[in-house]
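For reference, the structure is listed below as structure tokens.
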Amino acid sequence: MLMLLVLLLFVATSSCVALRANKRFHSADRLPMQWSLMGEVNWSAPRRVALAFMPVLVVLLLGFATGLSLSVAPRPGQEHFALPVLVLMGAALLAGQQLHLWLAWRALNRGK
């Protein structure tokens, strides 16, 4: 049960971040999705697609990890690792989402 609550918490948080970013980037039709090593934008996606990417990724990855943790018996001695790993995965995904939004903001405001 606790695993499902953690999953829902991270999905809700990622979705709220994306909704807030949608308001922040309302004037941009497209958001950068990939950068070269020199910092140039390689390709971009429509704003809503770009912002929906991370919440969908959170659902897929954390949902898969939660499903495995609930349905597969852990090895002896690893019974208590599932929750910390799920929290670490969720935190890493949220950090990645924040990094993407910061890089997109920086790319859109370059030259202003």
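Residue numbers (our numbering): 162 to 273. Ideal Cβ positions, reconstructed from N, Cα and C, are used throughout, including at glycine. These numbers were taken from a predicted model, which means no experiment stands behind them.
Residue 236: not part of any beta strand (DSSP E); DSSP gives it neither H nor E.
The bridge partners DSSP lists for residue 206 are 192. The C-beta distance from residue 248 to residue 219 rounds to 13 Å, too long to fall under 8 Å, and the pair is not in contact. Put simply, the backbone Cα of residue 221 is about 27 Å away from that of residue 189. Taking 8 Å as the cut-off, the Cβ atoms of residue 193 and residue 265 count as close.
If you draw a 10 Å sphere on the C-beta of residue 261, you find 16 or more other C-beta atoms in it, and that means buried.
For residue 215, the closest of 191, 259, 186 by C-alpha to C-alpha distance is 259. Closest in C-alpha terms to residue 164, from the list 200, 175, 205, 242, comes 242.
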